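Enquirer: Can you read through this structure? Questions will come right after.
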Amino acid sequence: MNFYYIQPGDKDIKFNASLDLAEIKHLHYCLLGKLEAEKQQGVISITTQELLYKLDGIIQYLQSENYG
61 MNFYYIQPGD
71 KDIKFNASLD
81 LAEIKHLHYC
91 LLGKLEAEKQ
101 QGVISITTQE
111 LLYKLDGIIQ
121 YLQSENYG
């Protein structure tokens, strides 16, 4: 397994490079749905927001490196 470290903002992220960009985008899409459900319930999870932020950084990195 290859692991890459990137740093979006102030937090390091470790992710498995065997995930392709499409899988990561799908996970991001699912988390957006979870965030929307949380907004409707009036309780937004910090964890959901952090995961979305981290996935945004990973997607931007992979797109800039032409992965996926």
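Numbering (my numbering), first residue to last: 61 to 128. Backbone N, C-alpha and C fix where the C-beta goes; we use that ideal spot for every residue, glycine too. On a predicted model such as this, the values are computed, not experimentally measured, just so you know.
1. Is it buried or exposed, K114, if we count other Cβ atoms within 10 angstroms and call 16 or more buried?
2. Buried or exposed: L122, going by 16 or more other Cβ atoms within 10 Å of its Cβ?
3. What three-state label does DSSP hand N62 in the structure shown?
4. Cβ atoms of I104 and L91: under 8 Å apart, would you say?
5. Excluding five sequence neighbours on each side, which residues of the same chain lie with their C-beta closer than 8 Å to the C-beta of I119?
Expert: Short version:
1. Buried: at least 16 other Cβ atoms inside 10 Å.
2. L122 counts as buried, since at least 16 other C-beta atoms from the protein chains shown sit within 10 angstroms of its C-beta.
3. Low confidence applies to N62: its pLDDT is 46, below 50, so where it sits in the model is not reliable, and the reading given next is rough at best. Taken through DSSP and simplified to helix, strand or coil, N62 comes out as coil.
4. No; because the gap between Cβ atoms is not below 8 Å, this pair is not in contact.
5. The answer, listed in chain order, is L81, I84, K85, H88.
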